[in-house]
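Undergrad:
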Amino acid sequence: MAVFIDHKQRVENYFVAWKNYDTELLRTIFSHSAKYIIRRKIVYNGIDEIIRYWEKNKKRQKDIQLHWKIVNSSFQFEIVQFGAYFWDLESKMYTKVNGQIIFKYNHDNQIICLTEAYKKRTEKNKSDQIGVRCYR
1073 MAVFIDHKQR
1083 VENYFVAWKN
1093 YDTELLRTIF
1103 SHSAKYIIRR
1113 KIVYNGIDEI
1123 IRYWEKNKKR
1133 QKDIQLHWKI
1143 VNSSFQFEIV
1153 QFGAYFWDLE
1163 SKMYTKVNGQ
1173 IIFKYNHDNQ
1183 IICLTEAYKK
1193 RTEKNKSDQI
1203 GVRCYR
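First residue of the sequence shown? That's 1073 in the working numbering, and the numbers climb one at a time after it.
1. Terminal residues of the continuous beta strand (DSSP E) containing residue 1188?
2. Return the CA-CA distance between residue 1178 and residue 1103, expressed in angstroms with no decimal places.
3. Could you give the residue range of the beta strand (DSSP E) that holds residue 1151?
4. Note the first and the last residue of the continuous beta strand (DSSP E) segment covering residue 1180.
5. Just to confirm, are residue 1137 and residue 1157 a CB contact at a threshold of 7 angstroms?
6. By DSSP, does residue 1131 sit in helix, in strand, or in coil?
7. Can at least three beta-carbon pairs, one atom from the region 1140 to 1153 and one from the region 1117 to 1131, be found at a separation below 8 angstroms?
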């Protein structure tokens, strides 16, 4: 029996949660024991640590613009290229991030592991999405 997976919706839920810093949505798309790995250096274990990280970002990122494209997918994973552009309230700089996210899912379509790798560039003056490609 074939199982239909809406890959676009699974990924879109994550980016909608990020854009709106929606921690309630985050709780529904991540498993309770999920891992969130950033640049192979920082690991958040469990949904509560992930939410604390997101709440910190909510205080730091303003006027965020997000773009993404699924480059590979299966029942258990998606690989996504993404771009983000926002005003960083801590550094008082515009920040452009381009990278890749690997989402791994359990049988309930919840994220059990998210691995993020990216390059970041900052500048003092606003550009219209400097170099952030629109994938969708």
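Ideal placement from N, C-alpha and C gives every residue a C-beta, glycine not left out. Just so you know, these numbers come straight off a predicted model, no measurement behind them.
TA: Let's see:
1. Working through the sequence shown from its first residue, we reach residue 1188 at position 116. Per DSSP, residue 1188 belongs to the beta strand (DSSP E) from 1183 to 1195.
2. Taking the first residue of the sequence shown as 1, we reach residue 1178 at position 106. Taking the first residue of the sequence shown as 1, we reach residue 1103 at position 31. Rounded to whole angstroms, residue 1178 to residue 1103 spans 8 angstroms at the Cα level.
3. In the sequence shown, the residue the question calls residue 1151 occupies position 79. Residue 1151 -> beta strand (DSSP E) spans 1149 to 1160.
4. Looking up residue 1180 in the sequence shown gives position 108. Membership of residue 1180 in any beta strand (DSSP E) is not indicated, and neither H nor E is assigned to it by DSSP.
5. As a position in the sequence shown, residue 1137 is number 65, starting the count at 1. As a position in the sequence shown, residue 1157 is number 85, starting the count at 1. Between residue 1137 and residue 1157, the CB-CB gap stays under 7 angstroms.
6. Residue numbering aside, residue 1131 sits at position 59 when the sequence shown is read from its first letter. Annotated three-state conformation of residue 1131 is helix, per DSSP.
7. No: fewer than three Cβ pairs fall under 8 angstroms.
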